[in-house]
Amino acid sequence: MDLAKLFLDAGLLDARQIETARQAEPPGRRLDEAAVELKLITEEQALRTIGEALGLPFVDLSESEVDLSLLAGFPPSAIHREGVFPFHQKNGTLLVATSDPFNLYPLDELSATLGRAVVPVLATRSEIAKLTKTHLGVGSETVESLIAQSDGEDIQLIDQVEADGSELSQLAQEPSVVRLVNEILVEAIEMGASDIHIESERHDLRIRYRLDGVLQTQPVPPEIHRFRAAIISRLKIMSRLNIAERRLPQDGRIELRTGGREVDVRVSVIPMIHGEGIVLRLLDKSRMTFSLTNLGMDDDLCRTFRQLISLPHGIILVTGPTGSGKTTTLYSALQEIRNDQTKIITTEDPVEYKLPGVCQIQVHSKIGLTFAGSLRSILRHDPDVVLIGEIRDLETAENAIQASLTGHLVFSTLHTNDAAGAYTRLIDMGVEPFLVSSTVEGVMAQRLVRTLCPDCREAFRPAREDLPEDFPFDRLDGGAVIFRAAGCRQCRHVGYKGRIGLFELLVTTETIRQSSHDRASSWAIKDQAVKQGMRTLRESGWEKVLAGRTTVDEVVRVTKGNDIINNA
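Quick note: the sequence shown, position 285, residue 266 per my numbering, numbers continuous.
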């Protein structure tokens, strides 16, 4: 197409302007682009004129209704790399806006990828860029997720690793070893495991996955022990650890992508008698949804907890052992109260999941960035809500209390066996009792139990002597039914599928405040809370059993009964 003649005939440019544009036009640059850059014509004028000649319609995206639902199935790489944007669909045909009428090859590729007809419409580059920034984010063209997809590997490392050239390093990079490690990771991710345990034994290598909180040994060929050093070295290389160091513990991290999902892997290596043991903590970002309604709280408890997390100031604590879901509960609480008017800052070790709209800080104790140190800086950033990953020492506890007294709502965790133990734990750390009683507004203790597989659970009526003494037998006499695990193909013959929380919420009433102030024991505080209506972890478990969600064995596994306490 002779653009000079086209613009001349349309009256957009005269001969002198065309000559000026040609002189300023660098090699490979079209006349219309040079004329627009020199402001001799507007981009819209150029596109309208070229579109009429080519039979391509021009649309003003600022004045047109764009069907944003089309973004769901549209490859974002095409938007950023080719400067196109899905505009509308009509009779099965997809209309795509482009600012380059002479480069329609990408649209042919899109048609083949999407399996439908793609028709171009012309729009200015600035309007396409504005739509892209509005709906995909400013600077989103630089996001790593838009890099070309993996070339067939099951696992794609987000950050590529480099070997050091040693013999062991070269062995760990052998395709067979890489494939073996990938298979271990992919299988664990697909099964929904939270951890992978790779344990060196004298003449063997044992691999166990933690599924729904319980370790399960995975069958492996007996010859795998021959590749033990190579497997461990490969994992060290992936997590950027020193493969030559076998005497000291090491911690690392792997970021990988598999099946379109991003998984963060925390790696811990510890030397043992028969070699190094490795534990991989898998954090599958795509599977996590943070919502209070999905945690398993009953309606009354959830309503009370929502009231607590909506307070203007005070301390809310979540207690329980490692792996009891404390972080998930806190993240769900933050999601519940997060809005544009609330500034939320967290300090965590480590930052397990990235929350939109929340400022998160990774603790680095080796360089002095501790919970206590970061908390002092956080308060200078004018937050409304602060989350502290864990209160481990007196300094952190005092800073948390100071933050609460200065008008902030503080969330944190403690390692105690029940909710009442949180008050005495803080006092044992050295915090003054009057400060604990005046700032702690509530404590949530929790545990996780496995839920019964709905496809194979079996109803049964147990004998009275087979149940714990504190089980509510009157409910069984009233016709309630309980279930036990059976096992089927859907649950891999385990009988359980997924987990649910047991909760014990202790709200700091005036009576509890006085008891805490008077240094009362944890069991005295618990006794008062129960008299005021608190449901214990054990009672929460029995409710889940009677509802058919879990089994008596699961509740006994994670909670302690009153009969044991009384007989001790």
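Just so it is clear, CB atoms sit at the ideal spot from N, CA and C, and this is done for glycine as well.
Asked, Found
"Residue environment, GLN427, which counts as buried when at least 16 other CB atoms sit within 10 Å", "buried"
"Environment of LYS507 [buried if 16+ CB atoms lie within 10 Å]", "buried"
"Contact set for HIS178: own chain, Cβ-Cβ below 6 Å, skip 5 residues either direction", "ARG189, VAL260"
"Delimiting residues of the alpha helix (DSSP H) encompassing ARG(-3)", "-4 to 5"
"Pairwise C-alpha distance: ALA384 and PHE352", "13 Å"
"Distance between MET515 and GLU535 (C-alpha atoms, nearest Å)", "21 Å"
"Cα-Cα separation between ILE463 and GLY529, rounded to whole angstroms", "6 Å"
"Host alpha helix (DSSP H) of ILE493 (start-end)", "491 to 498"
"Under the three-state DSSP convention, the category ILE342 falls into", "strand"
"Residue nearest to MET(-18) in terms of C-alpha spacing, selected from PHE83, GLY423, SER497", "PHE83"
"Reference SER157; option with closest CA among ARG3, ASN223, ASP41, ARG209", "ARG209"
"CB contact flag (VAL99, PHE68, <8 Å)", "no"
"Nearest candidate by alpha-carbon position, reference VAL537, set LYS525, ARG519, GLU524", "ARG519"
"MET253 - DSSP class collapsed to helix/strand/coil", "strand"
"C-beta atoms of LEU483 and THR285 nearer than 8 Å", "no"
"Cβ pair PHE271, GLN316 closer than 8 Å", "yes"
"MET269, DSSP secondary structure in three states", "coil"
"Closest by C-alpha distance to THR308, when choosing among ARG357, CYS283, GLU371", "GLU371"
"Contact set for HIS362: own chain, Cβ-Cβ below 8 Å, skip 5 residues either direction", "LYS324, ILE326, CYS340"
"Residues near VAL391 in its chain [Cβ-Cβ closer than 6 Å; skip 5 each side]", "ILE296, VAL367, ALA381, ALA384, SER385"
"Inter-stretch contact (C-beta, 8 Å, three-pair minimum) for the region 445 to 452 and the region 390 to 409", "no"
"DSSP-derived helix/strand/coil call for ILE128", "Residue placement at ILE128 is flagged as unreliable, the pLDDT there being 31, under the threshold of 50; the coordinate-derived value follows with that caveat. Residue state, collapsed to three classes: coil."
"Top-ranked residue by Cα proximity to MET550, from ARG247, GLU243, PRO293, GLY476", "Outside the modelled stretch of the chain, which goes from -18 to 549, sits residue 550, for which no answer is possible."
"As assigned by DSSP and simplified to three states, the class of THR30", "helix"
"Test item: CB-CB of ALA466 and THR532 under 8 Å", "yes"
"Limits of the alpha helix (DSSP H) - the one that LEU289 falls within", "280 to 290"
"Beta-ladder partner(s) of HIS69, from DSSP", "LEU76"
"Between the CA atoms of THR239 and VAL488 - distance to the nearest angstrom", "43 Å"
"Nonlocal neighbours in the same chain, by C-beta distance under 7 Å from VAL526, ignoring five residues either side", "ILE463, THR532, VAL533, VAL536"
"Beta-carbon proximity of LEU75 to ARG97, cut-off 8 Å", "yes"
"Option in ILE31, ASP330, THR377, GLY256 with minimal Cα separation from ARG207", "GLY256"
"Closer than 7 Å: VAL462 CB and nearest the ligand SAM heavy atom", "For the ligand SAM, the structure offers nothing, since it holds no ligand at all."
"GLY411 classed as buried or exposed, judged by whether at least 16 other C-beta atoms fall within 10 angstroms", "exposed"
"Cβ pair count under 8 Å reaching 3, the region 452 to 460 against the region 156 to 174", "no"
"Cβ-Cβ distance between SER181 and GLY258 below 8 Å", "yes"
"PRO435 versus ALA444, TYR404, VAL421, GLY468, residue with shortest Cα-Cα distance", "GLY468"
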